[in-house]
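Have a look at the structure below before the remarks.
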Amino acid sequence: MAQVILAAAVSCLVPVEGYAADPCTRTEAEFAFSQTATGPLKLHVFSPLHTDTLPRPAIVIFHGGGWTMGEPSWAFGLVDRYACKGLVTIVAQYRLSDGKTVSPADAVDDAMAAIKWTRTNATRFNLDPGRVAALGWSAGAHLAASAAVFARDADQRPNLLALVSPAVSVENDLHFRSLFPPQTSIEKYSPAEHVMPSLPPTIMVTGREDTVTPLAAVRKFHERMKAAGNVSELKVYDDVGHLFTPKGQSDSGFPNPDKAIRQRAYDAIDEFLIQHTYMAK
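Heads up, the sequence shown is in the working numbering, so the first residue is 147 and it goes up one at a time.
Below, the structure written as structure tokens:
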């Protein structure tokens, strides 16, 4: 994976805008799902309102921010896209790296805890514990993928992954490395280096010109997933970089995504969710 400079963290700052044509009626609740040395971590649960008594699929969303920035509200623009289509939509908080006491390893633990909490509370939210998807962009995609690859028990592992401009091979990422104590074996936290059979079906959407999470690294994860017998789809969009920033613009600063291409990318995720029975056409 190409070197990712510290400024690349800024490229994950942008909140994702809404994608649903019309807002729908849904409930919202906030829960503490983990107690940490820095305080409780919270989940925001958005449940669609309808009379269907069958358990519903769920999707847990992790924001980007270079592992050092961000908050759950950055992902609220995606809520209607999924809650309006019948998914219990959960936006998760995680610990942000400070270069001292908190590293991305802690955030990975938080992601796994969020997935487990969701599955443990399936009855409360009338959701299907066998259909818990995880979606993340950039650093958030690293957390979603890590929850699948490094899960210590089945309850921590999502059943499907949707990854946007994903940081899935980070062993040579100097920014990522800088967030750990010296002498840490960074390879231990790189999902591409630990692909195994029986990982969840995965879709990844990314720009061909991405300089922050380069295509070669994403392809490594994709090819290793396929070689291990896992379902993996990779959609590459021409003339855009990280988070669909148009070619010719810096994609390691504040993003300015091509909205049409971004829409196509999220539509591709929808098709994958439909294919795997998380959404109806």
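Glycine residues also receive a C-beta, built at the ideal position from the N, C-alpha and C atoms.
These numbers come from a predicted model, not from an experiment.
What does the alpha-carbon distance come out to for the pair residue i and residue j?
i    : j    : result
A204 : P275 : 8 Å
Q302 : Q329 : 28 Å
L309 : L242 : 20 Å
H388 : T247 : 29 Å
T359 : G212 : 11 Å
A178 : K262 : 13 Å
S279 : T348 : Looking at the sequence shown, residue 279 is not Ser but Ala. Roughly 10 Å separates the two Cα atoms.
G223 : I207 : 11 Å
H368 : A285 : 17 Å
Could you check what DSSP says for residue i in three-state terms: helix, strand or coil?
i    : result
H422 : coil
P194 : strand
F177 : strand
K366 : helix
E379 : strand
V342 : A quick correction: the sequence has Met, not Val, at residue 342. Here M342 sits in coil by DSSP.
V310 : strand
P392 : strand
Mind checking who residue i pairs with in its DSSP beta bridge?
i    : result
T182 : G185
G133 : Absent from the model: residue 133. The displayed extent of the chain is 147 to 427, so no value can be given.
I205 : T235 and A279
R172 : P194
T348 : L307 and S378
List, from N- to C-terminal side, the beta strand (DSSP E) runs of 3 residues or more that fit wholly inside the region 230 to 307. For the region 230 to 307, whole beta strand (DSSP E) runs of length 3 or above, ordered along the chain, are 234 to 238 and 273 to 283.
Assess contact between the region 226 to 239 and the region 177 to 197, defined as three or more Cβ pairs (one per stretch) separated by less than 8 Å. Is contact present? Because the criterion of three Cβ pairs below 8 Å is met, the region 226 to 239 and the region 177 to 197 touch.
Does the count of Cβ pairs from the region 408 to 419 and the region 375 to 393 closer than 8 Å reach three? A contact exists between the region 408 to 419 and the region 375 to 393.
Three Cβ pairs or more, each shorter than 8 Å: is that satisfied between the region 332 to 343 and the region 360 to 378? Contact holds: three or more Cβ-Cβ distances are below 8 Å.
Please determine if the region 289 to 303 and the region 267 to 274 are in contact, where contact requires at least 3 C-beta pairs separated by less than 8 Å. A contact between stretches requires three or more CB pairs, one per stretch, nearer than 8 Å, and the region 289 to 303 fails this requirement with the region 267 to 274.
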